[in-house]
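Using our numbering, the first residue of the sequence shown is number 15, and each one after it goes up by one. Where a beta carbon is used, it is the ideal one built from N, C-alpha and C, also for glycine. Encoded as C-alpha cells, the structure appears first; notes follow it.
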Amino acid sequence: MDGVFSEAAPAKVNLALHVTGRRADGYHELESLVVFADVSDELTARPARSDTLKVGGPFAAAAGGGDSNLVMRAVAAFRARWPGHVETGLAFELHKNLPVAAGLGGGSADAAAALRLMASLGEAEIGFAELSEVALSLGADVPACLVSRPCEVRGVGEIIHQLHTFPASHIVLVNPLQPVITADVFRRLQSRTNPPLPPLPQPLTRPAQLGLWLGETRNDLEPPAIALVPVIGDLIAELSKFDGCILARMSGSGATVFGLFGSAAKAHQAAHDLRDTHPGFWVAAAPLLAPG
Numbered sequence: 015m016d017g018v019f020s021e022a023a024p025a026k027v028n029l030a031l032h033v034t035g036r037r038a039d040g041y042h043e044l045e046s047l048v049v050f051a052d053v054s055d056e057l058t059a060r061p062a063r064s065d066t067l068k069v070g071g072p073f074a075a076a077a078g079g080g081d082s083n084l085v086m087r088a089v090a091a092f093r094a095r096w097p098g099h100v101e102t103g104l105a106f107e108l109h110k111n112l113p114v115a116a117g118l119g120g121g122s123a124d125a126a127a128a129l130r131l132m133a134s135l136g137e138a139e140i141g142f143a144e145l146s147e148v149a150l151s152l153g154a155d156v157p158a159c160l161v162s163r164p165c166e167v168r169g170v171g172e173i174i175h176q177l178h179t180f181p182a183s184h185i186v187l188v189n190p191l192q193p194v195i196t197a198d199v200f201r202r203l204q205s206r207t208n209p210p211l212p213p214l215p216q217p218l219t220r221p222a223q224l225g226l227w228l229g230e231t232r233n234d235l236e237p238p239a240i241a242l243v244p245v246i247g248d249l250i251a252e253l254s255k256f257d258g259c260i261l262a263r264m265s266g267s268g269a270t271v272f273g274l275f276g277s278a279a280k281a282h283q284a285a286h287d288l289r290d291t292h293p294g295f296w297v298a299a300a301p302l303l304a305p306g
C-alpha cells in the first residue's frame, strides 16, 4: 500500500432538532433532519511506521492534536475492532476548515472520515452497520456523519433513515466564533419531552415543500443557546431577512446559524453581505450534498 489517501469531512447541519425525551442513562432522545454542506475539513493519510496526526488549517489550534483528537480515537477504535485490516501505520493530516464547538459536527465528521478511510484501505468489506456501531461509540453524531447525506436521525443518534430524495438547496453558514459547549445548552433546556418531528412529505423534491415542513419544526436547543450567546438570535433575525431565505435557524447546539436558500446566487449574495457586515465572523455558502 502506497500513495496518499484522502477523505472529506463535510459540515453537518441540523435543519430541525427535537428533544423528545431523556433516558435513564442520562442520554437524550432526539429526532433530527440532518443534511451536509459541501464545505468540509479534509483528512489525508499516507503509510507510515505508526499512526500519527498533524493538524493544520485555520481552526487547528482549537481542534487540538494527539490521542485525544477524535481522528486518533477513531483510528484506535477501528484497529481494535478490525485488527490487521490496515497492515501499516498511517500518518494523518487534518486540515481544519470548520470552526470547533460550532454545532456543525466537525469533530464527529473528522472521526467518520477516518473510519471511512480506514475501511477503504483493506481488502475485506466492512458493512455499514458494523462501522456504525464503532462510530456510535465515539459520539452520537458520528453515525450520521458516516452517511454525510440527507437523513432522519432518531434515538441518541443510532437510528438513521437515509432520504432517497431531497430538493437541490443551498445553505449559508455563519458563526460568531464563540464556542458553545453542548452540555451547557442541555443544562439550560427547560423541557426534555417535546413533540416529535412531523412526517416528511413523500417524495420530498422541492425547496418550497421543505420550507413548509420546516415551518412546523424547531430546534429545541435554540432558546437555551441564545440565552448563553445572544448574538445567535441576532444572526437568525438578520439571515431571515435576506432575499430568497427559506428559513433561518441555529444548527445543533450552536453557535452556527444557517440560512436555507433555493438559489445559489442568492445564497452567495447573502454570504458576501454577511462578510462585509461581520468581518470577524466565519461565513460560508455551499450547496447541500444530494442523497447518495
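Burial state of residue i, where buried means 16 or more other Cβ atoms lie within 10 Å
{"i": "A182", "result": "exposed"}
{"i": "R130", "result": "buried"}
{"i": "T291", "result": "exposed"}
{"i": "S46", "result": "buried"}
Collapsed DSSP secondary structure at residue i in the structure displayed
{"i": "H32", "result": "strand"}
{"i": "F106", "result": "strand"}
{"i": "L235", "result": "coil"}
{"i": "P209", "result": "coil"}
{"i": "W296", "result": "strand"}
{"i": "E147", "result": "helix"}
{"i": "P301", "result": "strand"}
{"i": "K280", "result": "helix"}
{"i": "S46", "result": "strand"}
Check whether residue i and residue j have beta carbons under 8 angstroms apart
{"i": "D52", "j": "D124", "result": "no"}
{"i": "D234", "j": "L203", "result": "yes"}
{"i": "L11", "j": "L228", "result": "Look at the range of the chain in this structure, 15 to 306, and you will see that residue 11 is not part of it."}
{"i": "L57", "j": "L44", "result": "no"}
{"i": "A127", "j": "A23", "result": "yes"}
{"i": "A284", "j": "V186", "result": "yes"}
{"i": "M86", "j": "G80", "result": "yes"}
{"i": "V243", "j": "V194", "result": "yes"}
{"i": "L84", "j": "K26", "result": "no"}
{"i": "V148", "j": "A158", "result": "no"}
{"i": "W296", "j": "L145", "result": "no"}
Sequence-distant residues of its chain with Cβ nearer than 8 angstroms to residue i (five each side left out)
{"i": "I140", "result": "W96, H99, A133"}
{"i": "P305", "result": "R163, P164, Q176, L177, H178, T179, F180"}
{"i": "L218", "result": "L177, T179, F180, P181, L224, W227"}
Contacting residues, own chain, Cβ-Cβ under 6 angstroms from residue i (five flanking each side not counted)
{"i": "P238", "result": "V199, R202, L203"}
{"i": "F73", "result": "K110, P113, V114"}
{"i": "H42", "result": "V33, R36"}
{"i": "K68", "result": "E107"}
{"i": "S122", "result": "G153, D155, V156, C159"}
{"i": "A278", "result": "H184"}
Close Cβ partners of residue i (< 7 angstroms) along its chain, the five nearest in sequence each way excluded
{"i": "H282", "result": "A299"}
{"i": "L261", "result": "G225, L228, L274"}
{"i": "I246", "result": "A239, I240, M264, G268, A269, V271"}
{"i": "A75", "result": "none"}
Integer Cβ distance of residue i from residue j, believed to fall under 8 angstroms
{"i": "R63", "j": "G17", "result": "That pair is no contact at about 17 angstroms."}
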